[in-house]
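Read through the structure below, which is laid out as structure tokens, and then see the notes.
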Amino acid sequence: MNLKDIKQWVVDLLFPPKCVFCRRIMPDSRSYVCSRCQKELPFTTGRDVFVEGEFFDKGVAPFFYRDKVRESVLRFKFYGMYYYSEAFGSYMADCISEHIELPDIITWVPVSKQRKRERGYDQAYLLAESVSEKLEIPLALSLKKTVHNTTQSTIKDKEARKANVLGVYEITDPEPFIGKRVLLIDDVFTTGATVSECSRMLLTAGAENVSCAVFARR
């Protein structure tokens, strides 16, 4: 056992790693998900893998947003479990590789400055960073959220959700995206209003096309 392995063993002993979905203690930190959850999680299959919206060519999600997946996402977004992005990104990268033509560049749906201060991080950025590393595709900032609008999850009407995100995003620098195939990353897909608006902005900035990937869909 080398020094790195010894250090990791000590860390695992003091802070036992847990399954990101059910929080059972895992045998070591190299595993993110227990064997029971691997069998029971609400994976999407067939046509349900794909999500539909405006302005993006194809969208995918490896999970349905329910049960343990929903609980895990809520911990990831609101309770400081930012390190879940490593596990979530692995599932997303596998789903992307299987169902989407790999893009030239990856970007994400940003949160507002106020929400980032409240949480301490931007969860979609963490997912995008993880996916970028696993697929070995460059990651670049494309959008900023200029309006701290009402949270989409509190709005039920589809048209109201579209109106709520209209004009709240701006392109930071179009140069990296001109003529490029762009993959847009977000956490949860409900009606598609947010990723559709961000895709519209990327196309306006000169992207050749936009695809999207989320961790879970409703």
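Under our numbering, read the sequence shown as residues 10 to 227, first letter to last. We treat Cβ as the ideally placed atom computed from N, Cα and C, and that holds for glycine. Computed from a predicted model, the values in this text were never measured in an experiment.
Rounded to whole angstroms, what's the CA-CA distance from Phe224 to Ser99? Just pull it up for me. Take the alpha-carbon of Phe224 and the one of Ser99: they are about 10 angstroms apart.
Using a threshold of 8 angstroms, state whether the C-beta atoms of Thr116 and Val174 are closer than that. Not a contact, by the Cβ cut-off of 8 angstroms.
Top-ranked residue by Cα proximity to Val120, from Ala133, Leu148, Gly62 and Cys207: Answer by Cα proximity: Ala133.
Can you tell me where the alpha helix (DSSP H) with Arg45 in it begins and where it stops? Its alpha helix (DSSP H) spans residues Ser44 to Glu49.
Just checking: is the beta-carbon of Arg33 within a distance shorter than 8 angstroms of some beta-carbon in chain B? Within the model displayed, chain B is absent; a lone protein chain is all it includes.
Is the beta carbon of Met101 sitting closer than 8 angstroms to the one on Leu136? Less than 8 angstroms separates the beta-carbon of Met101 from that of Leu136.
Taking its Cβ as the centre, do 16 or more other Cβ atoms sit within 10 Å of Leu83, making it buried, or is it exposed? Exposed.
For Cys28, which residues does DSSP report across the bridge? Cys28 pairs with nothing; no bridge assigned.
Val156 by DSSP, collapsed to three states: which one? In the three-state scheme derived from DSSP, where H, G and I count as helix and E and B as strand, Val156 is classed as coil.
So Val78 packs on Val69, CB below 8 angstroms; how close in whole Å? Contact flag wrong, Cβ pair sits at about 15 angstroms.
Which stretch, first to last residue, makes up the alpha helix (DSSP H) that contains Ser208? In the DSSP assignment, Ser208 falls within the unbroken alpha helix (DSSP H) covering Ala202 to Thr213.
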